[in-house]
Amino acid sequence: MFEKVLEKEPRNVEALKVVLYGKMRRGKTKEAVECVEKLVDIEPNEVEWRLLQALCYETMGHLSKAKRLFKEILEERPLLLRALHGLAMVMHKNHEGPAVFEMLNEALKVALREKRVTEERNIRILIAQMHVVKGELEEGLKKFQDLINDNPRDFRPYLCQGIIYSLLDKKEEAAEQFEIYQSLVPEEFPQRCFLDDVVLAAKSKSREWLQKEFEAEFSSKKRQF
Numbered sequence: 092m093f094e095k096v097l098e099k100e101p102r103n104v105e106a107l108k109v110v111l112y113g114k115m116r117r118g119k120t121k122e123a124v125e126c127v128e129k130l131v132d133i134e135p136n137e138v139e140w141r142l143l144q145a146l147c148y149e150t151m152g153h154l155s156k157a158k159r160l161f162k163e164i165l166e167e168r169p170l171l172l173r174a175l176h177g178l179a180m181v182m183h184k185n186h187e188g189p190a191v192f193e194m195l196n197e198a199l200k201v202a203l204r205e206k207r208v209t210e211e212r213n214i215r216i217l218i219a220q221m222h223v224v225k226g227e228l229e230e231g232l233k234k235f236q237d238l239i240n241d242n243p244r245d246f247r248p249y250l251c252q253g254i255i256y257s258l259l260d261k262k263e264e265a266a267e268q269f270e271i272y273q274s275l276v277p278e279e280f281p282q283r284c285f286l287d288d289v290v291l292a293a294k295s296k297s298r299e300w301l302q303k304e305f306e307a308e309f310s311s312k313k314r315q316f
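Residue numbers 92 to 316, in my numbering, belong to the letters of the sequence shown in order.
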């Protein structure tokens, strides 16, 4: 229906949005790029379209293009978590090693200097998550424990520690962390159902499956929490 609208009104923003999200859900990334680039052309100041444009190129394996797009966003909004996340994953896929953490630590310095408390914590969580993505589980555990020590009411580090303990096949420690997570996460939290599914998977799936799924879900950027 909306594609027919676009035949008559190729710059109809609402129709483009519906078609774009539909194509992304169905994995039709090349077709999604056409939609998102029209949206970028129509609404160049809308950061959502630029983020999705970069994500599409990353998904297609055009890492240099995706990296450039994420960096352009960060030049304007240096603490935007989704762009930092996207750039970190592109650099990881590009095998850029320590440069991933150098980039994130520079952003962390900006957040500290500008006293942006929320952004600072979110970047620290992202750094810890990237250690897990890279398979550095013990370092990830340490970073999440530091975050718990700083703010024991934030449910996110407990969830991530539970996943790491599951990857390490430490079921009792994982169960303890998941229990704390479930006691703290608000019922109305938007991604609660998804995160609860992650907990169930962590309790029942193999380490190999969980590591693969963690990286796939984390790199998709659909599941930021």
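The beta carbon of each residue, even a glycine, is placed where N, CA and C say it ideally should be.
For this session: Report the option in Ala106, His222, Thr150 whose CA atom is closest to the CA atom of Met115.
Result: Thr150
Exercise. For Leu217, which residues from the same chain have a beta carbon less than 8 Å from its beta carbon, with the 5 sequence-adjacent residues on both sides left out?
Worked result: Leu172, Leu175, His176, Ala179, Leu195
For this session: Output the distance between the C-alpha atoms of Arg247 and Asp287, rounded to the nearest integer angstrom.
Result: Inter-residue distance for Arg247 and Asp287 is about 12 Å (C-alpha atoms, whole angstroms).
Exercise. Between the C-alpha atoms of Lys95 and Arg102, what's the straight-line distance to the nearest angstrom?
Worked result: 12 Å
Exercise. What is the rounded straight-line gap between the Cα of Glu210 and the Cα of Tyr256?
Worked result: 26 Å
Exercise. Any idea if Ala190 is buried or exposed, counting beta-carbon neighbours within 10 angstroms, 16 or more meaning buried?
Worked result: exposed
Exercise. Could you give the residue range of the alpha helix (DSSP H) that holds Lys233?
Worked result: 228-241
For this session: Check whether the Cβ atoms of Leu143 and Ala123 sit closer than 9 Å, and answer yes or no.
Result: Going by beta carbons, Leu143 and Ala123 fall inside the 9 Å limit.
For this session: Take Asn136 as the anchor and find which of Arg204, Arg117, Arg168, Asn242 has the nearest alpha-carbon.
Result: Arg168
Problem set entry | Segment limits, alpha helix (DSSP H) that includes Lys121 | 120-133
For this session: Quick one: using the 10 Å Cβ neighbour count with 16 as the cut-off for buried, is Asn213 buried or exposed?
Result: buried
Exercise. Helix, strand or coil: how does DSSP classify Leu170 here?
Worked result: coil
Problem set entry | Close-in-space but distant-in-sequence residues of the same chain around Trp140 (CB under 7 Å, 5 per side omitted) | Val127, Leu130, Val131, Glu134
For this session: Label His222 either buried or exposed according to how many other C-beta atoms from any shown protein chain fall within 10 Å of its C-beta, with 16 as the threshold for buried.
Result: buried
For this session: Quick one: grab the DSSP three-state call for Arg207.
Result: coil
For this session: Identify, in the order they occur along the chain, each residue of the same chain with its Cβ nearer than 7 Å to the Cβ of Lys156, setting aside the five sequence neighbours on each side.
Result: Tyr148
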